[in-house]
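Trainee:
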Amino acid sequence: MAGEGAGGRRRRGRVSLTERVYLALRDDLAIGTLQPTERLRAERLAQRYGVSRTPVREALARLQADGLIQRHTDGLYPYRLRLAELDELFELRTVLETRGFHRSPAHDLSAVRAELDRWRGYRATPPEPGPDLVAADERFHTELLLAAGNSALAEALTAVHLRVRPVRTTDVANAERIAVMTADHIAIAEHLLAGDPERALRTLTAHLDSSRAHVRVRAEQAIAFTKLGRAVRD
Numbered sequence: 008m009a010g011e012g013a014g015g016r017r018r019r020g021r022v023s024l025t026e027r028v029y030l031a032l033r034d035d036l037a038i039g040t041l042q043p044t045e046r047l048r049a050e051r052l053a054q055r056y057g058v059s060r061t062p063v064r065e066a067l068a069r070l071q072a073d074g075l076i077q078r079h080t081d082g083l084y085p086y087r088l089r090l091a092e093l094d095e096l097f098e099l100r101t102v103l104e105t106r107g108f109h110r111s112p113a114h115d116l117s118a119v120r121a122e123l124d125r126w127r128g129y130r131a132t133p134p135e136p137g138p139d140l141v142a143a144d145e146r147f148h149t150e151l152l153l154a155a156g157n158s159a160l161a162e163a164l165t166a167v168h169l170r171v172r173p174v175r176t177t178d179v180a181n182a183e184r185i186a187v188m189t190a191d192h193i194a195i196a197e198h199l200l201a202g203d204p205e206r207a208l209r210t211l212t213a214h215l216d217s218s219r220a221h222v223r224v225r226a227e228q229a230i231a232f233t234k235l236g237r238a239v240r241d
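Counting in this note's numbering, the sequence shown runs from 8 upward without gaps.
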């Protein structure tokens, strides 16, 4: 029995270690710490996270199943979205978020109020662009779905966020874009608290359409600049 207990502890520890590596690697992929063209070598990642190669390999397998990394002929690399996929993911995001409004006639207003207070604070003191701002934006939209009472929709939205996050994090928002995002979030929350979910939904839909168009344009510009960079040199 003692042997089983020790083995059980080892198994739980190994699973916990794999989970830690999985989350750390997922975050590094999402915020662009690991470059899209960087081959994901188990040995190098094991050194990076201070673990053996076994939990790294297990984490890589999970991330591949999640669609966040892909296998090329010479190994594993971060997954790079195509423009068409970017459009599809934003379309899915809109379906998930608007479904939350159609599903529930009323939201958990305490959660909505907490987000309203947070974004009013951002209006007073605008946050710096970068991964933390993207995470705050994702949290707002996820909290709206949770407030509508459907955790499954929120989990699906989180999966979409993880796929799109590398693109959004790389595209650093300017002060005007941050102000627009903040104003939209405040308006959506205020409409919900005022008992006007239809107006909140219209504002949310317009907000998502604007975000989709912005990211699409920025991605197209980045591709164009990359091609230009390949055509010239110092």
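Backbone N, C-alpha and C define an ideal beta-carbon position, used for all residues, glycine too.
Among Arg27, Leu99, Phe108, which has the Cα closest to the Cα of Asp203?
Mentor: Numbered from its first residue, the sequence shown carries residue 203 at position 196. Comparing Cα-Cα distances from Asp203 to each of Arg27, Leu99, Phe108, the minimum goes to Phe108.
Trainee: If Tyr84 and Arg46 are in contact, beta carbons under 8 Å, what's the gap, nearest whole angstrom?
Mentor: Here residue 84 corresponds to residue number 77 of the sequence shown, with the count starting at 1. Here residue 46 corresponds to residue number 39 of the sequence shown, with the count starting at 1. Tyr84 to Arg46, Cβ: 6 Å. Contact.
Trainee: Count Cβ pairs between the region 58-71 and the region 172-190 that sit closer than 8 Å; are there 3 or more?
Mentor: No, they do not touch.
Trainee: Are there 16 or more other CB atoms within 10 angstroms of the CB of Gly15, so buried, or fewer, so exposed?
Mentor: To locate residue 15, count along the sequence shown from 1; it is residue 8. Model confidence at Gly15 stands at a pLDDT of 41, short of 50, so the residue's coordinates are unreliable; what they give is reported in the following sentence. The residue is exposed, with fewer than 16 neighbouring Cβ atoms inside 10 Å.
Trainee: I'd like the ranges of any alpha helix (DSSP H) spanning at least 4 consecutive residues and lying wholly in the region 104-184.
Mentor: Within the region 104-184, the complete alpha helix (DSSP H) runs of at least 4 residues are 116-131, 138-154, 158-177.
Trainee: Is the region 91-110 touching the region 148-163 in the sense that three or more CB pairs, one from each, lie closer than 8 Å?
Mentor: With a cut-off of 8 Å, the region 91-110 and the region 148-163 count as touching, because enough Cβ pairs lie within range.
Trainee: Following the continuous beta strand (DSSP E) through Leu70, name the residue where it begins and the one where it ends.
Mentor: For the purposes of this step, residue 70 is taken as the residue at position 63 of the sequence shown. Note, Leu70: premise wrong, no beta strand (DSSP E); alpha helix (DSSP H) at 60-73.
Trainee: With burial defined as no fewer than 16 other Cβ atoms inside 10 Å of the residue's Cβ, what is the status of Ala220: buried or exposed?
Mentor: Here residue 220 is taken as the residue at index 213 of the sequence shown, counted from 1. Answer is exposed; the Cβ neighbour count stays below 16.
Trainee: For Leu32, count neighbouring Cβ atoms within 10 angstroms of its own Cβ and tell me buried if that reaches 16, exposed if not.
Mentor: For the purposes of this step, residue 32 is identified with residue 25 of the sequence shown, where counting begins at 1. Looking at its Cβ environment, which holds 16 or more other Cβ atoms inside 10 Å, Leu32 is buried.
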